DNA sequence: TTGACGGGTGTACAGCGTACACCTAGCCTC
DNA sequence: GAGGCTAGGTGTACGCTGTACACCCGTCAA
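Chains as they are written, first to last, in our numbering: chain A, 1 to 232; chain B, 1 to 232.
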């Protein structure tokens, strides 16, 4: 061994290693578990050592989502704008499902990092190459919003682990108090197993909303829509 | 005065008063400023006194958004489902613009409170009364997602106060690095004053996306759409 | 040999949420 | 009136957080 002193040799830290460890920690134990102290411990290092590689905790979080976003595959080159965008967004969605904490971090960021701007730039490029007007692309991107990053727009996503199913008594009480929610929540042909509040963020719902938007954009594009005169 | 001891009489605390003070504090100084200690200080009380009125900080935050959501006017009774939903959502949006912190709190909640369920129930009721199928309503609510609460889907909302405009040099550098973003961001017929990253969350964008979704739902409804056989 | 420097360490501080024990004023019952 | 219950405000204390600052040591260039 090159190094034979008391303690075992430890691979030197690097920004990359720090970020990867943070992503792993968040994946395994949730975002709340990511503290500088716990992260340092996991890396076998003292908390302050991390500050040689990231400026502060906010930059750590930024770096974590950069890592996730940078791993999203680019849109296919050989498809029309609609299909290309669609597949890219669905790819993004898979990344976000693998790292559920990324959504919250991204949404809390006050400004996009260069990595996120690059992602957005590539997405816009797909639409412009497809012949959509700059005007329409602008509004389409707004309409997509965070869906462009593969986010479901759901509120109240359940935390890690299965949601605690409410007892039948409680469920009946809820159904009585909120009859319309109950009626709609139990109509679930695509996923009959889940229950109220368990968050049915399945692929069907995501694609339903995405296609509603993409179809709408396509229609506007075909009609030569422009935001100044609105012939919707 | 009824009370003449050393210190001035102080109105007694109540859950209502605590929540209102917290909302005011968040409105004025942002969500980060809402700590149990600071809130207590503002109420002229010791931190632990708050715990006689809210169980813990999470419940305080829940109560804050409940207060905001409960203040949203119900949908008009005398309109078709589409107009009724549209106006209600736009009303909700105004409430959310007045309390920008509410979005983040709501999105971080793992489960909806009864107040939120009541809001959702009333929203669903509008669609069902309009004759939409339970099936379609289910998916429409998913597609709307947090937009049903008046949220813009924007990422990177600027914090309170005007966003710091990047210097011309930096702006040029950004435009060079992300040409497509630059092209689309500067095409802004509805709001020519803003700059890249300043967040153009204006009413136009919100309605654009909302109408894309509502129009799509309307079309599916007219076509007798059902999720089992998808004749889109 | 010297000196700079990149990177890990140790200590310390202010702020956070909140558990727990306490005190006090008002009210109810006898 | 006396005694006791209770709602609600207080004080202290603990463990956790992010991070400023001073330090120290190994490597490498001059």
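Quick reminder that beta carbons are idealized off the backbone N, C-alpha and C, glycines included. Note that the coordinates shown come from a computational prediction; the quantities given were computed from them, not determined experimentally.
Legend entry - C-beta atoms of residue 60 of chain A and residue 69 of chain A nearer than 7 angstroms: Taking 7 angstroms as the Cβ cut-off, residue 60 of chain A and residue 69 of chain A do not qualify as a contacting pair.
Legend entry - Same chain, Cβ closer than 6 angstroms to residue 7 of chain A, neighbours up to 5 away in sequence not counted: Low confidence applies to residue 7 of chain A: its pLDDT is 40, below 50, so where it sits in the model is not reliable, and the reading given next is rough at best. Excluding residues within five positions, none has a Cβ falling inside 6 angstroms.
Legend entry - Alpha carbon of residue 121 of chain B to alpha carbon of residue 180 of chain A, nearest angstrom: The C-alpha of residue 121 of chain B lies about 5 angstroms from the C-alpha of residue 180 of chain A.
Inset, instruction - List the residues of chain B that residue 109 of chain A touches, going by C-beta distances under 8 angstroms, in chain order. - result: Here the neighbours are 155, 156.
Inset, instruction - Measure from the C-beta of residue 113 of chain B to each C-beta in chain A and report whether the shortest distance is under 7 angstroms. - result: Chain A, which has no Cβ nearer than 7 angstroms to the Cβ of residue 113 of chain B, makes this no.
Inset, instruction - Please confirm if the stretch 92-103 of chain A is in contact with the stretch 140-154 of chain B, defined as three or more CB-CB distances below 8 angstroms between the two stretches. - result: Under the Cβ criterion (8 angstroms, minimum of three pairs), the stretch 92-103 of chain A does not count as touching the stretch 140-154 of chain B.
Inset, instruction - Check whether the Cβ atoms of residue 216 of chain A and residue 131 of chain B sit closer than 7 angstroms, and answer yes or no. - result: 7 angstroms or more divides the Cβ of residue 216 of chain A from the Cβ of residue 131 of chain B.
Inset, instruction - Return the CA-CA distance between residue 144 of chain B and residue 123 of chain A, expressed in angstroms with no decimal places. - result: Take the alpha-carbon of residue 144 of chain B and the one of residue 123 of chain A: they are about 22 angstroms apart.
Inset, instruction - For the stretch 199-230 of chain B, list the alpha helix (DSSP H) runs that are entirely contained and at least 4 residues long, ordered along the chain. - result: The qualifying runs are 203-222.
Inset, instruction - Please name the residue, chosen from A:101, A:139, A:15, that lies closest to residue 28 of chain A on a Cα-to-Cα basis. - result: It is A:101 whose Cα lies nearest to the Cα of residue 28 of chain A.
Inset, instruction - Rounded to whole angstroms, what's the CA-CA distance from residue 186 of chain A to residue 44 of chain A? Just pull it up for me. - result: One C-alpha to the other measures close to 49 angstroms.
Legend entry - Start-to-end residues for the alpha helix (DSSP H) that takes in residue 72 of chain B: Where residue 72 of chain B is concerned, there is no enclosing alpha helix (DSSP H), given that its DSSP letter is neither H nor E.
Legend entry - Residue span of the alpha helix (DSSP H) that contains residue 29 of chain B, given as start and end: For residue 29 of chain B, the uninterrupted alpha helix (DSSP H) run begins and ends at 15-29, by DSSP.
Inset, instruction - Please state whether DSSP places residue 76 of chain A in a helix, a strand or coil. - result: DSSP places residue 76 of chain A in coil when its eight states are reduced to three.
Legend entry - Three-state secondary structure assigned by DSSP to residue 138 of chain A: Note: residue 138 of chain A maps to helix in three-state DSSP.
Inset, instruction - Please name the residues in the stretch 7-36 of chain B whose beta-carbon is closer than 7 angstroms to at least one beta-carbon of chain A, in chain order. - result: For the stretch 7-36 of chain B, the set of residues with a beta-carbon nearer than 7 angstroms to any beta-carbon of chain A is empty.
Inset, instruction - Starting from the N-terminal side, write out each stretch of the alpha helix (DSSP H) that is 4 residues or longer and does not extend beyond the stretch 83-130 of chain A. - result: Within the stretch 83-130 of chain A, the runs of alpha helix (DSSP H) at least 4 residues long that lie entirely inside it are, in chain order, 101-108, 114-129.
Legend entry - alpha helix (DSSP H) segment containing residue 45 of chain A, residue limits: Per DSSP, residue 45 of chain A belongs to no alpha helix (DSSP H) and is neither H nor E.
Legend entry - Where the alpha helix (DSSP H) containing residue 174 of chain A begins and where it ends: Where residue 174 of chain A is concerned, the enclosing alpha helix (DSSP H) stretches over 168-177.
Inset, instruction - Using a Cβ-Cβ cut-off of 7 angstroms, state whether residue 125 of chain B counts as contacting chain A. - result: Interface annotation, residue 125 of chain B: in contact with chain A, CB-CB separation under 7 angstroms.
Inset, instruction - Answer with buried or exposed for residue 21 of chain A, where buried requires no fewer than 16 other C-beta atoms within 10 angstroms of its C-beta. - result: In the assembly as shown, residue 21 of chain A is a buried residue. Its beta-carbon has 16 or more other beta-carbons within 10 Å.
Inset, instruction - Run down chain B in chain order and give the residues with a C-beta less than 8 angstroms from the C-beta of residue 147 of chain A. - result: Against chain B, a Cβ distance below 8 angstroms from residue 147 of chain A picks out 153.
Legend entry - Cutoff 7 angstroms: residue 181 of chain B Cβ touching any chain A Cβ: Yes - at least one Cβ of chain A is within 7 angstroms of the one on residue 181 of chain B.
Legend entry - Option nearest residue 42 of chain B by Cα separation, candidates B:206, B:19, B:75, B:82: Ranking the options by Cα distance to residue 42 of chain B, first place goes to B:19.
Inset, instruction - Please name the residue, chosen from A:139, A:214, A:35, A:84, that lies closest to residue 74 of chain A on a Cα-to-Cα basis. - result: Residue 74 of chain A has its Cα closest to that of A:84, out of A:139, A:214, A:35, A:84.
Legend entry - Exposure label - residue 32 of chain A; buried when at least 16 CB within 10 Å: With fewer than 16 other Cβ atoms within 10 Å, it is exposed.
Legend entry - Residues that residue 104 of chain B contacts on chain A, provided the C-beta gap is smaller than 8 angstroms: Result: 107, 108.
Inset, instruction - Note down the Cα distance separating residue 222 of chain B from residue 76 of chain A, rounded to an integer number of angstroms. - result: Here the C-alpha atom of residue 222 of chain B lies approximately 34 angstroms from the C-alpha atom of residue 76 of chain A.
Legend entry - Assigned exposure category for residue 107 of chain B - 16 Cβ within 10 Å defines buried: By the 10 Å Cβ count, residue 107 of chain B comes out buried.
Inset, instruction - Apply the 10 Å Cβ neighbour rule to residue 63 of chain A and answer buried if 16 or more other Cβ atoms are within range, or exposed otherwise. - result: Under this definition residue 63 of chain A is a buried residue.
Legend entry - Contacts around residue 82 of chain B, its chain only, beta-carbon distance under 7 angstroms, and the 5 residues preceding and following it disregarded: A distance below 7 angstroms between beta-carbons, with the five flanking residues on each side excluded, links residue 82 of chain B to the following residues of its chain, in chain order: 214, 218.
Legend entry - Straight-line Cα distance separating residue 114 of chain A from residue 104 of chain A: Their Cα atoms are separated by approximately 18 angstroms.
Inset, instruction - State the DSSP-derived secondary structure class of residue 155 of chain A, mapped to helix, strand or coil. - result: The three-state reading of DSSP puts residue 155 of chain A in coil, since its state is none of H, G, I, E or B.
Legend entry - Option nearest residue 205 of chain B by Cα separation, candidates A:172, A:36, A:227: Looking at A:172, A:36, A:227, the one whose alpha-carbon comes closest to that of residue 205 of chain B is A:227.
Inset, instruction - Could you work out which residues of chain B lie near residue 132 of chain A, taking near to mean beta carbons separated by less than 9 angstroms? - result: What residue 132 of chain A touches in chain B: nothing, since even the nearest Cβ is about 10 angstroms away.
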